[in-house]
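Numbering-wise, the sequence shown is residues 10 to 263 according to my numbering.
Ideal placement from N, C-alpha and C gives every residue a C-beta, glycine not left out.
Note that this is a predicted model, so its numbers are computed, not measured.
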Amino acid sequence: MDAPVITVRDLRKRLGAVDVLRGISLEVMPQEIFVIMGPSGTGKTVLLRHLIGLLTPDAGEIFLWDAPVHALRGDDLDAVRLRIGVVFQSAALFDSMTVADNVAFPLRRHRAESEVKIRESVATLLDLVGLTGAEEKMPAMLSGGMRKRVGIARALALSPDLVFYDEPTAGLDPPAAREVESLIWRLRSDLAVTSVVVTHDLWTAFGIGDRVAVLMDGTLLAIGTPRDIMADPRPQLQEFIHPPPVGGERGGEG
Ligand SMILES: Nc1ncnc2c1ncn2[C@@H]1O[C@H](COP(=O)(O)OP(=O)(O)OP(=O)(O)O)[C@@H](O)[C@H]1O
Ligand SMILES: [Mg+2]
Numbered sequence: 010m011d012a013p014v015i016t017v018r019d020l021r022k023r024l025g026a027v028d029v030l031r032g033i034s035l036e037v038m039p040q041e042i043f044v045i046m047g048p049s050g051t052g053k054t055v056l057l058r059h060l061i062g063l064l065t066p067d068a069g070e071i072f073l074w075d076a077p078v079h080a081l082r083g084d085d086l087d088a089v090r091l092r093i094g095v096v097f098q099s100a101a102l103f104d105s106m107t108v109a110d111n112v113a114f115p116l117r118r119h120r121a122e123s124e125v126k127i128r129e130s131v132a133t134l135l136d137l138v139g140l141t142g143a144e145e146k147m148p149a150m151l152s153g154g155m156r157k158r159v160g161i162a163r164a165l166a167l168s169p170d171l172v173f174y175d176e177p178t179a180g181l182d183p184p185a186a187r188e189v190e191s192l193i194w195r196l197r198s199d200l201a202v203t204s205v206v207v208t209h210d211l212w213t214a215f216g217i218g219d220r221v222a223v224l225m226d227g228t229l230l231a232i233g234t235p236r237d238i239m240a241d242p243r244p245q246l247q248e249f250i251h252p253p254p255v256g257g258e259r260g261g262e263g
């Protein structure tokens, strides 16, 4: 049995007056697409920021491979971070830079490579995300889905083993969202990466997750395959999975 890529044990975090994470434990296995799903404001991004070492837990442990991220600082943390790619919630592109310069940013920062080599790498990365030839475009010229894909290309620049996606389909129309989902799916097999996808979108979660963890009220209410989660009869879960129609069934009353 392979060792997990991510191990979280009893992670706790209070922010302001709120216990945002109240004892989170999970394991993510190699090449898995692991989805963290939950309503808005439940702490999905806070959890993700712990996993990538941007927040320090009040209690608990986080291992990426055998590295104790909860306890690492400085160069040791940077060494682990070089093995991960992150697609942040707001695509977070540099708007004054071309697509090519956005994608090349991590390469210029961390690799002493020639411009020719960097240009080759950028072209390969853009091919990978279906944006062949988009080098000279400016972010403002791109659709939301294309911006996401540039963010994904940039996250892949340093050939990470583990990729985190925070709300990769939020704000996209359904066709663009489905494209990003198939990209995430394809990258797992093309690059043999492990993927963690944070989303409040049920379609995304159930569409691409090998396993889905449902975060509610600071705890993981359930972890399982999409089928397991859909079959879980607990009302809290079913209400989230099958929200009542807008206006409710009594919409005609009053
Ligand atoms: N730095 C902070 N200081 C205080 N509270 C914070 C901080 N960051 C987040 N929070 C609070 O933690 C909770 C969880 O926020 P988080 O951004 O993780 O939610 P989320 O599940 O990612 O929501 P969304 O689906 O809208 O992205 C919220 O109540 C938020 O206000
Ligand atoms: Mg969030």
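Whose C-alpha, out of Arg118, Trp74, Thr178, is nearest the C-alpha of Val89?
-> Trp74
Hey, which unbroken runs of the alpha helix (DSSP H) at 4 residues or more fall wholly within the stretch 35-80?
-> The stretch 35-80 is shown to contain whole alpha helix (DSSP H) runs of 4 or more residues at 53-60, in chain order.
What residues are listed by DSSP as bridge partners for Phe173?
-> Looking at the DSSP assignment, Phe173 forms a beta bridge with Val95, Val205.
Whole-angstrom distance between Gly154 and His59, CA atom to CA atom | 27 Å
Do Gln98 and Asp175 have their CB atoms nearer than 8 Å?
-> yes
Look at Thr107 and Met225 and say whether their C-beta atoms are less than 8 Å apart.
-> no
Beta-carbon contacts of Arg21 that lie in its chain and below 7 Å, excluding the five residues immediately before and after = Leu30, Arg31, Gly32, Pro66, Asp67, Ala68, Gly69
Thinking C-beta only, is Pro77 closer than 8 Å to Thr4?
-> The question about residue 4 has no answer here: the residues shown for the chain are numbered 10 through 263.
Can the beta-carbon of Val96 be found less than 8 Å from the beta-carbon of Pro169?
-> no
Which residues share a DSSP beta bridge with Gly233?
-> Val221
Does the pairing of the stretch 192-206 with the stretch 111-120 give three or more beta-carbon distances under 8 Å?
-> no
Around the Cβ of Ala201, are there at least 16 other Cβ atoms within 10 angstroms (buried) or fewer (exposed)?
-> exposed
Given a cut-off of 8 Å, decide if Val207 and Ile93 are closer than it, judged by their beta-carbon atoms.
-> no
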